[in-house]
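Written out below as structure tokens is the structure these notes cover.
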Amino acid sequence: MSHALSQDAIHQLFDNARTHNAWLDKPVDPALLHTLYEHVKFGPTAANCCPLRIVFVTSPAAKERLLACMSPGNVEKTRNAPVTAILAHDTAFHEQLPKLFPHADAKSWYDGNDAKIARDGLTNAWLQAGYFIMAARALGLDCGPMGGFDAAQVNAAFFPDGKWAADIVCNLGYGDVSKLFPRNPRLSFEEACRIA
9 MSHALSQDAI
19 HQLFDNARTH
29 NAWLDKPVDP
39 ALLHTLYEHV
49 KFGPTAANCC
59 PLRIVFVTSP
69 AAKERLLACM
79 SPGNVEKTRN
89 APVTAILAHD
99 TAFHEQLPKL
109 FPHADAKSWY
119 DGNDAKIARD
129 GLTNAWLQAG
139 YFIMAARALG
149 LDCGPMGGFD
159 AAQVNAAFFP
169 DGKWAADIVC
179 NLGYGDVSKL
189 FPRNPRLSFE
199 EACRIA
């Protein structure tokens, strides 16, 4: 049976978590990246379609290719991050449905329906991107998710076969809390929610 997490865990995942732009000079163990994915993969998606694909950019050569694709304001923070994850979606994710959703012919729900493939691939990959950030925080990593990059350029540099498409870029590592910006406001419950 599920139970509530401790207040410390909730604070780490949500209340005290911040988007980081500056990083400590501390490497991320590659084994931690494997552990991160092992947690992310269990988050729910429609028909267990799991369209998220990840490239963990760690080598200097791959980092330079990525930096050429980033918006000017995101170059230095990406250069200094120990790891940058390109979160993409598989443009033919439905081909995996016989394996991922074996009790129904879910692949046939998508065959020939390019609009549904595009919509469900993107929306479910974004859902998994949220799991990615929460899992990273749970493992003690800080995150700096960004949309400021040229997706077509990233796709050409990292996914030239067109099978994956970049959606978001997320720096990972151990953030320098001394360089955090003040936290921006959020909407109240009354402004953002309704109980029907």
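If you're matching positions, the sequence shown starts at 9 in this note's numbering and goes up one per residue.
Note that CB positions come from ideal geometry on N, CA and C, so glycine has one too.
All of these numbers come straight from a predicted model, not from anything done at the bench.
As the crow flies, the alpha-carbon of N29 is around 18 Å from that of E72. Assignment of T92 by DSSP, reduced to helix, strand and coil, places it in the strand class. Taking C-alpha positions only, W172 is separated from E199 by approximately 37 Å. The stretch 82-89 makes no contact with the stretch 46-63: fewer than 3 CB pairs, one atom from each, lie closer than 8 Å. Selection G138, P106, F157, T92 evaluated against P68 yields T92 as nearest (Cα-Cα). The three-state reading of DSSP puts A174 in strand, counting E and B together. Put simply, of V162, H102, P38 the residue whose alpha carbon is nearest the alpha carbon of D113 is H102. In the pairwise beta carbon analysis, the stretch 35-45 is classified as not touching the stretch 156-167: fewer than three pairs are separated by under 8 Å.
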